[in-house]
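There are 2 protein chains.
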Amino acid sequence: MGVTIKQIAELAGVSRGTVDRAIHGRGDVNPETKEKIERVMRETGYRPNAVAKALKAAQNPVTLDVLVPSSPFYADLLRGVRAAEEFYAHYGVRLRVAERFELNGASQAAMLRKLSEEHTDGIIMAALDVPAVREAVSCAAEKVPVITCNSDLTGVKRLCFVGQDHFAAGRASGTLMGKMLPQGGEVAVVPGSRDMLAHMQRAAGFRQALQEQGEYELLLDVRETGESDKRAYEVVKELLDSRKNLAGICMTGGGQAGAGAALADSGRAGEIRLACYDTLPGTVEHIKNGTADYTIAQDPFLQGCLPVKLMYEYLALGKEPGRERIFTRIDIRVKDNVEDQEYDMFTGEDR
Amino acid sequence: MGVTIKQIAELAGVSRGTVDRAIHGRGDVNPETKEKIERVMRETGYRPNAVAKALKAAQNPVTLDVLVPSSPFYADLLRGVRAAEEFYAHYGVRLRVAERFELNGASQAAMLRKLSEEHTDGIIMAALDVPAVREAVSCAAEKVPVITCNSDLTGVKRLCFVGQDHFAAGRASGTLMGKMLPQGGEVAVVPGSRDMLAHMQRAAGFRQALQEQGEYELLLDVRETGESDKRAYEVVKELLDSRKNLAGICMTGGGQAGAGAALADSGRAGEIRLACYDTLPGTVEHIKNGTADYTIAQDPFLQGCLPVKLMYEYLALGKEPGRERIFTRIDIRVKDNVEDQEYDMFTGEDR
DNA sequence: TTGAAAGCGGTACCAT
DNA sequence: ATGGTACCGCTTTCAA
Numbered sequence: 001m002g003v004t005i006k007q008i009a010e011l012a013g014v015s016r017g018t019v020d021r022a023i024h025g026r027g028d029v030n031p032e033t034k035e036k037i038e039r040v041m042r043e044t045g046y047r048p049n050a051v052a053k054a055l056k057a058a059q060n061p062v063t064l065d066v067l068v069p070s071s072p073f074y075a076d077l078l079r080g081v082r083a084a085e086e087f088y089a090h091y092g093v094r095l096r097v098a099e100r101f102e103l104n105g106a107s108q109a110a111m112l113r114k115l116s117e118e119h120t121d122g123i124i125m126a127a128l129d130v131p132a133v134r135e136a137v138s139c140a141a142e143k144v145p146v147i148t149c150n151s152d153l154t155g156v157k158r159l160c161f162v163g164q165d166h167f168a169a170g171r172a173s174g175t176l177m178g179k180m181l182p183q184g185g186e187v188a189v190v191p192g193s194r195d196m197l198a199h200m201q202r203a204a205g206f207r208q209a210l211q212e213q214g215e216y217e218l219l220l221d222v223r224e225t226g227e228s229d230k231r232a233y234e235v236v237k238e239l240l241d242s243r244k245n246l247a248g249i250c251m252t253g254g255g256q257a258g259a260g261a262a263l264a265d266s267g268r269a270g271e272i273r274l275a276c277y278d279t280l281p282g283t284v285e286h287i288k289n290g291t292a293d294y295t296i297a298q299d300p301f302l303q304g305c306l307p308v309k310l311m312y313e314y315l316a317l318g319k320e321p322g323r324e325r326i327f328t329r330i331d332i333r334v335k336d337n338v339e340d341q342e343y344d345m346f347t348g349e350d351r
Numbered sequence: 001m002g003v004t005i006k007q008i009a010e011l012a013g014v015s016r017g018t019v020d021r022a023i024h025g026r027g028d029v030n031p032e033t034k035e036k037i038e039r040v041m042r043e044t045g046y047r048p049n050a051v052a053k054a055l056k057a058a059q060n061p062v063t064l065d066v067l068v069p070s071s072p073f074y075a076d077l078l079r080g081v082r083a084a085e086e087f088y089a090h091y092g093v094r095l096r097v098a099e100r101f102e103l104n105g106a107s108q109a110a111m112l113r114k115l116s117e118e119h120t121d122g123i124i125m126a127a128l129d130v131p132a133v134r135e136a137v138s139c140a141a142e143k144v145p146v147i148t149c150n151s152d153l154t155g156v157k158r159l160c161f162v163g164q165d166h167f168a169a170g171r172a173s174g175t176l177m178g179k180m181l182p183q184g185g186e187v188a189v190v191p192g193s194r195d196m197l198a199h200m201q202r203a204a205g206f207r208q209a210l211q212e213q214g215e216y217e218l219l220l221d222v223r224e225t226g227e228s229d230k231r232a233y234e235v236v237k238e239l240l241d242s243r244k245n246l247a248g249i250c251m252t253g254g255g256q257a258g259a260g261a262a263l264a265d266s267g268r269a270g271e272i273r274l275a276c277y278d279t280l281p282g283t284v285e286h287i288k289n290g291t292a293d294y295t296i297a298q299d300p301f302l303q304g305c306l307p308v309k310l311m312y313e314y315l316a317l318g319k320e321p322g323r324e325r326i327f328t329r330i331d332i333r334v335k336d337n338v339e340d341q342e343y344d345m346f347t348g349e350d351r
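Shown next, in the form of structure tokens:
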């Protein structure tokens, strides 16, 4: 199997307790003894047994707070959180998932302050990157580790971020759009919210990649859709009515189902390319029926379960995440794979 | 944390040994006692602790044989195998990865026969679906569980298959090609090998999806490329020379780097769409420089590590895979994400 | 400074 | 048919 602490102890002529102390630097160990133990470890290639470690670690349970808005947008991410919760139940990890956590700066900041009164061992959150939240998180991060998921916070000392590189995702979308419109043409970039960094980064990446491929007339001063399908319907309808030469539309997020509906109602679906992001049910529907051409997802499930894993390893095993940002994949979906489920390594179920 | 066997035993007024026997049906247990234990388990919602189970199970190590050709095509799959090996080292799983396992029926059958002389607890293999291999595997499968990965065997009682749904992947490629050639045109399907079921399925899916989108003239009687880049270069050059109206090429596998080179040399790269499969280095290169438009990968890493997980769970925990086929994802890559690495849940490294 | 021993949850063997 | 106990590898406490 592998070398155990017991074997190291025997080879070094000491007890298991001493080896443990030497490894972790807790308690006093005679320098010579330590030297010898380390030599034996090196020679035998000792690797700690993570299973045994986990069994032991479960004796000191940790409580993690999960602050993720419970909107449909985060449904898949929350499924990832639940899967990780199930998996880590026997590892002494307890999750407290906030109900009614809202996508609103003041509410989030208040929530964080309330949290600091109870005991928590770590915070996992999808936060709004606004001053009030940044400040509250900075304060919390002084005491406990914070991992951001899906959306990051700028200038805050969080342990790690798990989410998409939106600029790169935007580029991938722009590359596809360019290949679908080889002859150039008018392409509109429809903003969700100009306050959302993610949306702006997607737009920037899209433009950059598209313009590398040819002459396109980009329409950038389109009205924001917000999160509203109704609003998006109007915005896109207006666009379709006013631009008879429109060849492509890139949504940056928010109201994509409404945009699809407007395109379908105009009778120009299939003729005008429609690019989306993520896999909200309405978006998926438009991909399936051909109104939208492709969508770029970001593995929200992983954005939910990976932070739990990272937090467990940090708290229970003392292992830092390797990187400060972990990007989830740029997941291009068309009609034929938009509904595909993937095998999940945690639960063994579909995701 | 959770209910333990010890607690169940106390509540039922018996010993832990009895509870264990009642759960697993080994040894004799008084029906009344069993009834009572089961009731307590139901009421408390007992869930066995997988960590403790694993620690114990490591006492009875298992040896798995991995028969995967060591060609570049399987490099990523083998990296997955290695990652799983590392992860499961402490679970009492030992892997024996065959060196010089070849993509050749007679050789594979011989290998399997040799294997049956040594002791093995399970076989993981990427096999050729030809009679000699089928027969040898059928024979081996009588004694030990067999999991196929990447390529399946027809009519063999293997435990499970982990790989891509090639027809669906072909469809996705056809859908993309159609969107990139909205005005129709001549599209060639270049076969790798007509003996490879995967290649034929890709071709069939591609045709189906493409034809749903418009009028295309499909060129289907193209010569096979085999696995040879040189051959593929010739085949594609011939195609380019003879078909001045060619608008798209779909490779089904094998020699894709050669095909890209031929297209690049012809000076018509960018003008003619080129669709590929998988992410061999040569293919990736052509995607990056724009000669090829997209490639469809199949998560080879998962095809390597998942079989090890399934085999461990089957042998050590007595858990059957949920499905007979587990499809890995249809992973569309363009220039901007073709080199992306993903976080791997097993090793915590990139893959 | 070091050793001995108990315990995490589950399994397996030996006694009874 | 059932109970008691030892063990997996690691950590932690208590005693020396």
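Chains as they are written, first to last, in UniProt numbering: chain A, 1 to 351; chain B, 1 to 351. C-beta: ideal position from N, C-alpha, C; glycine also. A quick note: this is a predicted structure, and the numbers were derived from the prediction, not measured.
Spatial distance of residue i from residue j (CA atoms)
{"i": "B/Leu317", "j": "B/Leu77", "result": "25 angstroms"}
{"i": "residue 355 of chain B", "j": "A/Ala136", "result": "As shown, chain B starts at 1 and ends at 351. That puts residue 355 of chain B outside it, with no answer to give."}
{"i": "B/Asp293", "j": "A/Asp299", "result": "23 angstroms"}
{"i": "A/Tyr314", "j": "A/Cys250", "result": "39 angstroms"}
{"i": "A/Leu67", "j": "A/Ile326", "result": "19 angstroms"}
{"i": "A/Ala257", "j": "B/Leu219", "result": "38 angstroms"}
{"i": "B/Leu280", "j": "B/Pro72", "result": "7 angstroms"}
{"i": "A/Arg96", "j": "A/Gln201", "result": "32 angstroms"}
{"i": "A/Leu310", "j": "B/Thr295", "result": "32 angstroms"}
{"i": "A/Ala58", "j": "A/Tyr91", "result": "5 angstroms"}
{"i": "B/Arg79", "j": "B/Ser173", "result": "26 angstroms"}
{"i": "B/Leu302", "j": "B/Asp165", "result": "14 angstroms"}
{"i": "A/Tyr343", "j": "A/Glu10", "result": "43 angstroms"}
{"i": "A/Leu128", "j": "A/Ser151", "result": "7 angstroms"}
{"i": "A/Ala132", "j": "A/Glu227", "result": "22 angstroms"}
{"i": "residue 354 of chain A", "j": "B/Glu86", "result": "Any property of residue 354 of chain A remains undetermined from this structure, which presents chain A solely from 1 to 351."}
{"i": "A/Ile272", "j": "B/Ile272", "result": "22 angstroms"}
Nearest to residue i (by Cα), restricted to the options the options
{"i": "B/Glu38", "options": "B/Asp293, B/Val162, B/Val51 and B/Val14", "result": "B/Val14"}
{"i": "B/Leu274", "options": "B/Val130, B/Asp195, B/Ala168 and B/Gly248", "result": "B/Gly248"}
{"i": "B/Glu35", "options": "B/Arg113, B/Thr18 and B/Met200", "result": "B/Thr18"}
{"i": "residue 352 of chain B", "options": "B/Ser138, B/Lys114, B/Ala57 and B/Glu99", "result": "Any property of residue 352 of chain B remains undetermined from this structure, which presents chain B solely from 1 to 351."}
{"i": "B/Ala297", "options": "B/Glu324, B/Lys309 and B/Arg329", "result": "B/Arg329"}
{"i": "A/Val190", "options": "A/Arg333, A/Val156 and A/Ala232", "result": "A/Ala232"}
{"i": "A/Met125", "options": "A/Pro31, A/Ala132 and A/Gly304", "result": "A/Gly304"}
{"i": "A/Ala203", "options": "A/Met1, A/Cys276 and A/Glu85", "result": "A/Cys276"}
{"i": "A/Arg47", "options": "A/Lys6, A/Gly27 and A/Asn60", "result": "A/Lys6"}
{"i": "A/Ala259", "options": "A/Ala188, A/Leu115 and A/Val29", "result": "A/Ala188"}
{"i": "A/Glu320", "options": "B/Glu349, B/Leu239 and B/Ala83", "result": "B/Glu349"}
{"i": "B/Gly185", "options": "B/Gly205, B/Ile23 and B/Tyr216", "result": "B/Tyr216"}
{"i": "A/Ala52", "options": "B/Gln183, B/Arg26 and B/Tyr88", "result": "B/Tyr88"}
{"i": "A/Tyr312", "options": "A/Asn30, A/Pro61, A/Gly27 and A/Ile23", "result": "A/Pro61"}
{"i": "A/Thr283", "options": "A/Leu103, A/Pro307, A/Val235 and A/Thr252", "result": "A/Thr252"}
For residue i, the residue or residues it bridges with in DSSP
{"i": "A/Thr63", "result": "A/Arg94"}
{"i": "B/Asp331", "result": "B/Ala297"}
{"i": "A/Val162", "result": "A/Cys149 and A/Ile326"}
{"i": "B/Arg273", "result": "B/Gly248"}
{"i": "B/Phe350", "result": "Note that residue 350 of chain B is Asp in the sequence shown here, rather than Phe. BP columns for B/Asp350 point to B/Tyr343."}
{"i": "B/Met311", "result": "For B/Met311, which the question treats as bridged, DSSP gives no partner whatsoever."}
{"i": "B/Glu217", "result": "B/Glu186"}
{"i": "A/Ile124", "result": "A/Val66 and A/Ile147"}
### Query
Should the region 335 to 343 of chain B be called in touch with the region 287 to 300 of chain B, which here means at least 3 C-beta pairs below 8 angstroms?
yes
### Task
Could you tell me whether the region 208 to 220 of chain B touches the region 170 to 185 of chain B, where touching means 3 or more Cβ pairs closer than 8 angstroms?
yes
### Task
Run through the region 180 to 209 of chain A for me and flag every whole beta strand (DSSP E) of 3 or more residues, listed as ranges in chain order.
185 to 190
### Query
Which runs of the alpha helix (DSSP H), 4 residues or longer, sit entirely within the UniProt domain "HTH lacI-type" (3 to 57) of chain A?
5 to 12, 16 to 24, 31 to 44 and 50 to 57
### Three CB pairs or more closer than 8 angstroms across the region 151 to 167 of chain B and the region 236 to 243 of chain B
no
### Query
Do the region 166 to 173 of chain A and the region 120 to 140 of chain A meet, that is, are 3 or more Cβ pairs less than 8 angstroms apart?
no
### Message
Under 8 angstroms: do the region 41 to 57 of chain A and the region 256 to 266 of chain A share three or more Cβ pairs, one atom per stretch?
### Response
no
### Inter-stretch contact at 8 angstroms, needing at least 3 Cβ pairs: the region 146 to 153 of chain B / the region 103 to 121 of chain B
no
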